[in-house]
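Below is one structure, written out as structure tokens, with a few remarks after it.
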Ligand code: HEM
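Protein chains in written order, with the UniProt record's numbering: chain R, 1 to 336; chain L, 1 to 563.
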């Protein structure tokens, strides 16, 4: 299986292009964030309040049970919005457009990698990391698209989603970079493709709730005031974290099961407490704890948010530390 | 978010009550009851989940015996003080320690204790009618009202059509009727299936740990056979707790050939081994003449009825023939061990006892061992190393040792090396050092000839037996389905109250319709459904927007739970 050098070169070019455009998008979102109004002054938000309060105060048998829905409030009347577009809005829109462009370039880079090597382009750390970033960005765009009608004000969070993604991509393009090459026999299996693809998707998705939870905690603490004042309501952040987590968690569960099925075929046992498997288990348990915490008095909010962040930490730890430092069966990550 | 419809929140959260004084028996009972309550509370479950995660972590950070004994030994050398302490708490075999087991067993007990009442509650709720329509629908998070054409009965008929498939109840009320409908019970089902399947999963794993085994054996890929008749046939064997090795399925494997494909840079592309096999039934039925064919490759084990056979590794076995001066001849062929996993430079020791000599002492003195390095693709030159894993230019750099190999000492010795103590004591001496290619022959000082005949490949096979595996798979799938259900299904309620509202100017009856909606899960998205229902009943523009009519509410807030 030869590697097509030209395709792989184009793939690298697209990767760099995507990285550049992401940086631009982040700058635009940063401007959007800085020039956005502080929360409370934005008229559209006001419409949310009664709904949220109403949900809490139903006085029904559900009182005190977590999470009655209070998100789906229809958009505020158009008249409530300001006529004309503010600077924040203009920059925000451009930020999103740039993000979409970058995502397309990024996707192209991954597809070309696959074509160049004639295999599924998830065979080493560079490729995983790149794909996780893509998954995170796509998840983010989907969130934006799906909440556009209801929860406005999320868009300016783009800068916070882009920041960790850019760091990851930068690492991928430098430290982790690996020449396009075929993979070892153990890595050739359909289950492996299913496994790494879903684990990558899920990991990418988990970035969004992780970021949302961090922002949530900052918002709750109210410090630094100037910064947090511009953040959306804590509730909105909390819900964002939850809604993405409940998509990512079953996907991650599936990925772990697919990995076990593959391990059974490749290594003779479906589970062997290999370091990678162990940390995957730990991360899974942490996210299970997150979902539990949301149904446990005293843990619903701040506690749950911390747990969610811990979950993302475990995912990232598994990706980097375990692959690069701890030797295990999984450590053919294409480094060194 | 998902307490049973009528009951207070299901997960018992009540802090244990202080035990009451009177009477020994009572006190004990109360204590037990409180302990049980504590154990089955959501908070305990959370703590136990944390403990589980925390306890597993060292399993990834510290070397584990089950994975790599050498690394553990290394750790002992590097941390002579710390290591014994860690070992004392089982840190090098975390997943086999009693305290790790205690955590997950407690979790399982807690789970059963927590989920049983919840399921009963849920069953009861399933049989009950949906809760009555609240007096004040305006306090619901979703609310709308309006006056529509048609008598209450007609409107109700439309309502029934709209909430078809919902669980619903109609009630006569002062001045009108109301419909309460609810939907999304599958969420509870999913939650239950998920948790119960976790227990099933654990049971499946336990069965595997008790009754399964794993054995490894190296077989030459030249038509050699391996039969699963006893533990002794294996090079290493890891039995389950209830496995004594007496009841193995007696299948047989014959390895006919092995082939590896490599990329130009030496990276392996594919390994395959051609096999013949006889299943345990074949053997039991006495049918030992026919062999079924199969190809083993990485990711494609041979799946027999109860066992799976894996191709784990491969390597080389150089074949030497020794001809003693008296014409006695012996051919030896045993696996050498790859020392470099990329070039398959291998080392080993092929040992020959001199045949045809009755006198023990003489026989021992003239045994021969051939040790050294083998390169499948030799670099050439004086110092042989390997440059490629495939068998392109094989060469062996050997020492021929003669003397007492110590094979009769009754001590086991490595098959990959000679007994160093015999070398040190001078009982085993080197009599030749040579680089040889297949076909080459050397003659020792006493006239003994050593010929490097050829190279055979060997394969390392693993036989795995895990009777719990299918159970685990089934429950894993159920876990996933349950999870998907419980996280995607929304539990929600919908109420409609219809009262007559006089007549329109043309004398047709009109009704006043009030709607209320409540979603009982964390996920947003009910709003759209509610809006649709509202539009169907009240017309697109009618009614009040949900949310904006919320009555001033008691000042409960989400903020207070967190700290
Ligand atoms: C083996 C360890 C456990 C794991 C991995 C686990 C995992 C989960 C997960 C992922 C969820 C969210 C899915 C859903 O909402 O249905 C959940 C929910 C739930 N778990 Fe567990 N769980 C475990 C043990 C327990 C125990 C011991 C209890 C009882 C004390 C319990 C009670 C519940 C309840 C009541 C819910 C529903 C919460 C809600 O209403 O949203 N679980 N669990």
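Even for Gly, the Cβ is constructed at its ideal location relative to N, Cα and C.
It should be emphasised that the depicted structure is a prediction, and the values quoted were computed from it without experimental measurement.
Judged by DSSP secondary structure, residue 458 of chain L falls within the beta strand (DSSP E) whose first and last residues are 449–465.
Residue 40 of chain L carries a coil assignment under DSSP once its states are collapsed to helix, strand and coil. Residue-level contact by beta carbon holds for residue 301 of chain L and chain R, with a gap shorter than 8 Å. Excluding residues up to 5 positions away in sequence, 201, 204, 205, 208 lie with their Cβ nearer than 8 Å to the Cβ of residue 472 of chain L in the same chain. Residues of the region 260–273 of chain R with a Cβ closer than 9 Å to any Cβ of chain L, in chain order: 260, 261, 262, 264, 265, 266, 267, 268, 269, 270, 271, 272, 273. Within the region 27–53 of chain L, contact with chain R at the beta-carbon level (separation under 8 Å) is assigned to 42, 43, 45, 46, 49, 50, 52, 53.
For residue 161 of chain L, the uninterrupted alpha helix (DSSP H) segment begins and ends at 152–162. In the DSSP assignment, residue 217 of chain L forms a beta bridge with L:461.
Collapsing the DSSP output to three states places residue 263 of chain L in coil.
For the region 372–387 of chain L, there are no residues whose beta carbon sits under 7 Å from a beta carbon of chain R. DSSP, reduced to helix, strand and coil, places residue 140 of chain R within a helical segment of the structure shown.
Assigned with DSSP and collapsed to three states, residue 140 of chain L falls in coil, not helix or strand. Under the three-state reduction of DSSP output, residue 248 of chain L falls in the coil class, being neither helix nor strand. If you look at residue 192 of chain L, you'll find it in the alpha helix (DSSP H) that goes 186–211. Put simply, the backbone Cα of residue 533 of chain L is about 33 Å away from that of residue 212 of chain R.
Here residue 299 of chain R is buried. Its C-beta has 16 or more other C-beta atoms within 10 Å. Closer than 8 Å to the CB of residue 234 of chain L there is not a single CB belonging to chain R. Per the C-alpha coordinates, the member of L:257, L:455, L:195 positioned closest to residue 331 of chain L is L:455. Secondary structure note for residue 374 of chain L: its beta strand (DSSP E) is the uninterrupted segment 367–375. Under DSSP, residue 314 of chain L shares a beta bridge with L:459.
Taking non-hydrogen atoms of the ligand HEM into account, the C-beta of residue 115 of chain L is found less than 7 Å away from one of them. At a cut-off of 8 Å, the C-beta of residue 64 of chain L has a neighbouring C-beta in chain R.
Residue 86 of chain R sits in coil when the DSSP states are folded into three classes, being neither helix nor strand. Residue 315 of chain L is positioned such that its CB atom lies no closer than 8 Å to that of residue 365 of chain L. The region 91–101 of chain R and the region 122–131 of chain R do not touch, with fewer than three beta-carbon pairs separated by less than 8 Å.
Look at residue 56 of chain L: its C-beta is under 8 Å from a C-beta on chain R. Residue state for residue 428 of chain L is assigned as strand, using DSSP reduced to three classes. If you draw a straight line from the Cα of residue 491 of chain L to the Cα of residue 528 of chain L, it is about 14 Å long. Put simply, the CB of residue 469 of chain L is near chain R, with a gap under 8 Å to one of its CB atoms. Identification of chain L residues near residue 286 of chain R by a Cβ-Cβ cut-off of 7 Å yields 53, ordered along the chain.
Distance from the Cα of residue 457 of chain L is smallest, within the candidate group L:318, L:111, L:41, L:24, for L:318. No heavy atom of the ligand HEM is found nearer than 7 Å to the CB of residue 240 of chain R. Its chain contains 213, 217 as the residues whose beta carbon lies nearer than 8 Å to that of residue 306 of chain R, once the 5 sequence neighbours on both sides are disregarded; these appear in chain order. Cβ-Cβ distances below 8 Å link residue 8 of chain R to 112, 113, 116, 117, 179, 180 in the same chain, with the five nearest sequence neighbours on each side left out; the list follows chain order. For the ligand HEM, a non-hydrogen atom lies closer than 7 Å to the CB of residue 486 of chain L.
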